[in-house]
Amino acid sequence: MRVFRDLFWFFRQEKKAYMTGVLLLVVVAFFETVPPKVIGILVDHMKNGTMTRGVLVRWLAVLAVVAAALYGLRYAWRICIFGAAVKLTRQLRNELYEHFTKMSPSFYQRKRIGDLMAHATNDLQAIQQTAGSGILTLVDSLTLGGFVLATMAISISWKLTFISLLPLPVMAVATSRYGAILHRRFVTAQEAFSSLNDKVQESISGIRVIKAFGYEKQDVEAFRRQSEDVVAKNIAVAKIDALFDPTIGFLVGLSFFLAVAFGSEMVLTGELTIGELVSFTTYLGLLIWPMLAFGWLFNIVERGRASYDRVRALLAEQDEIQEAPDAIDVPPRGDIEYDIKRFAYPGEMRTALSDIRFRLKSGATLGVVGKTGAGKTTLLRLLLREFDGYDGEIRFGGRDIRGYTLSALRSAIGYVPQDHFLFSASVRDNIAFAQPEAEEKEIVRAAQLAHIHEDILQFPDGYATVVGERGVSLSGGQKQRLSIARALLTNPEVLILDDALSAVDAKTEARILAALKQERRGKTTIIAAHRLSAVEHADWIVVLDGGRIVQAGTHEKLVTEDGWYRDMHQRQQLEAFVEGPQIGGMA
4 MRVFRDLFWF
14 FRQEKKAYMT
24 GVLLLVVVAF
34 FETVPPKVIG
44 ILVDHMKNGT
54 MTRGVLVRWL
64 AVLAVVAAAL
74 YGLRYAWRIC
84 IFGAAVKLTR
94 QLRNELYEHF
104 TKMSPSFYQR
114 KRIGDLMAHA
124 TNDLQAIQQT
134 AGSGILTLVD
144 SLTLGGFVLA
154 TMAISISWKL
164 TFISLLPLPV
174 MAVATSRYGA
184 ILHRRFVTAQ
194 EAFSSLNDKV
204 QESISGIRVI
214 KAFGYEKQDV
224 EAFRRQSEDV
234 VAKNIAVAKI
244 DALFDPTIGF
254 LVGLSFFLAV
264 AFGSEMVLTG
274 ELTIGELVSF
284 TTYLGLLIWP
294 MLAFGWLFNI
304 VERGRASYDR
314 VRALLAEQDE
324 IQEAPDAIDV
334 PPRGDIEYDI
344 KRFAYPGEMR
354 TALSDIRFRL
364 KSGATLGVVG
374 KTGAGKTTLL
384 RLLLREFDGY
394 DGEIRFGGRD
404 IRGYTLSALR
414 SAIGYVPQDH
424 FLFSASVRDN
434 IAFAQPEAEE
444 KEIVRAAQLA
454 HIHEDILQFP
464 DGYATVVGER
474 GVSLSGGQKQ
484 RLSIARALLT
494 NPEVLILDDA
504 LSAVDAKTEA
514 RILAALKQER
524 RGKTTIIAAH
534 RLSAVEHADW
544 IVVLDGGRIV
554 QAGTHEKLVT
564 EDGWYRDMHQ
574 RQQLEAFVEG
584 PQIGGMA
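This note's numbering numbers the first residue of the sequence shown as 4 and each following residue consecutively.
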């Protein structure tokens, strides 16, 4: 029952609802002991020949009042207890979502999306059942069982009560053992469900690739195997779950046998009347629910404990990016200085960046180029404080970026990543994502700067066109330009384009860069690219190789030096000459 202790903070928080619900359950349990007593009294009246219409009507009226009271009280406690349990789910779901949004990218590199989704669905459902049905079962079984046992022992026969309850210790041992096994199997089943969730999410996200390679049959087969594994593990849970009712049912039947056998003997010896024996067996029938409820309670509690442990373990994970207590909440402005001796991604030994030193003056444009995997994206992500574990510092406006709050730092930066993500919403909403209060003319202006405005006008509903999940209805170039428009709308102090022009043709690229140069005069721009034409206009260019700066200077300087930049420039110039004028382009 440790899960109830773990959830005590919530019971205290919702004490009014739970105390009212428990009080109502106690009253209900008391009222439920009345009908068996009335039945016994009526049986004795019939046996003794003292039954009259008045006696019958009086006791039937008592039963009617009790039935009406039970109806109203049961409705009321359900509202109190189950309503509070729903609030717990809402609170934990909000905590989880807030936790997800605060965690750094390294958290999502360790965790599977399917597993996180399982925490927010199946696990929360099991916790809600514990805080609702679990409390109901615990309180109802204890109060009803307590009232019934007290009534049986005090008003009928303590001796017969003791004899009838002899099977109870066996039930306690059996349910305890079943509960321990159930807990282990349920944890395994939840983990299997998380893996299945992850498989579905991965397959749906990559359905284009699956279809392009004709991998549908293999993917379906892989899903079938995982699905069968989930079924097998849940059947293992069900096998233990299925033992509770038969075991308890057998022991309840044994209690009835003992009650009837010894009770009949007591009637023959005059220790009990027939009416009292009838009342006793009726009371014993009322004990069936508390006994079965204990088995169900163990089931609910073990599932809830496993799920609550999983959720709390997730919420207990600390973000690697922590704000300093004295961090200032003012967006930075000014020069950007890199002085990094070494950086490696969390959990990796390989050095991602080393000996990175340069200064970018405010209002200047920096180009970052190099081979694939040279460290371009890593260099930019450090400025966004997606990772902190580097030896050295990055200064923005004369202050270490770790001296700003995350919200202040990131509000000064507009970022267009390589993996351009669009929401399943309208074009307008996607552009205005970070500025939802933006006016229509501002949204249109951002789209014009990104050279996507004319394309948008050709969409079925213009700016109201829904782009589909992850922008599935758009081309790669359109997605990139929408992402650029989204960043431009915020008019950031620093604009970062991380290979954000790779899917547009050279002509469109030149137009976008010219618009940026004109519009962002006096503001800092950082462009990482594979095509050198995207950085030729930059005030300063750094060439990365193996996480180090191997060349630095202006375009004019670098094309005259031996090295990667000149070789790549000549190669791309030759490719452009061989390919000739582009038709249509990639946009």
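Even glycine gets a Cβ: it sits at the ideal position worked out from N, Cα and C.
- Ranked by how close their Cα comes to the Cα of Ala506, the residues Gly57, Ala517, Gln483 and Leu519 have Gln483 in first place.
- For Asp502, no beta strand (DSSP E) encloses it, and the DSSP letter there is neither H nor E.
- Distance between Tyr181 and Gly256, taken at the CA atoms: about 20 Å.
- Annotated as distal: Ala411 and Thr527, with beta-carbon spacing of 8 Å or more.
- Sorting Ser282, Thr563 and Phe110 by C-alpha distance to the C-alpha of Ile157 places Ser282 at the top.
- In the structure shown, Val538 adopts coil according to DSSP, grouped into three states.
- For Glu396, the enclosing beta strand (DSSP E) stretches over residues Tyr393 to Phe399.
- The residue among Val46, Met49, Ile207 and Arg81 with its C-alpha nearest the C-alpha of Ile116 is Ile207.
- Under the DSSP assignment, Ile251 falls outside any beta strand (DSSP E), being part of the alpha helix (DSSP H) whose first and last residues are Glu219 to Leu271.
- The three-state secondary structure of Leu547, taken from DSSP, is strand.
- Across the structure, Val69 and Glu35 are spaced so that their CA atoms are roughly 8 Å apart.
- Note on Thr104: under 16 other CB atoms within 10 angstroms of its CB, so exposed under the neighbour-count rule.
- In the DSSP assignment, Val60 falls within the alpha helix (DSSP H) that extends over Arg56 to Lys105.
- Exclusion of the five residues before and after Ile159 leaves Glu279 and Phe283 as the residues of its chain whose Cβ lies within less than 6 Å of its Cβ.
- Assigned with DSSP and collapsed to three states, Ala531 falls in strand.
- For Phe361, the enclosing beta strand (DSSP E) starts and ends at Leu356 to Leu363.
- For the pair Pro249 and Asn97, the Cα-to-Cα distance works out to about 40 Å.
- Remark: C-beta atoms of Ser310 and Asp126 approach each other more closely than 8 Å.
- Less than 8 Å separates the beta-carbon of Val538 from that of Ile544.
- Distance from Thr146 to Leu28 at the Cβ level is roughly 6 Å; contact confirmed, criterion being Cβ atoms closer than 8 Å.
- The beta carbon of Gly86 sits closer than 7 Å to the beta carbons of Ala20 from its chain, once the five residues preceding and following it are set aside; these are given in chain order.
- Here Asp342 carries a strand assignment [DSSP, helix/strand/coil].
- Collapsing the DSSP output to three states places Val6 in a helix.
- Beta-carbon to beta-carbon, Ile243 and Leu185 are separated by about 5 Å, close enough to satisfy the 8 Å threshold.
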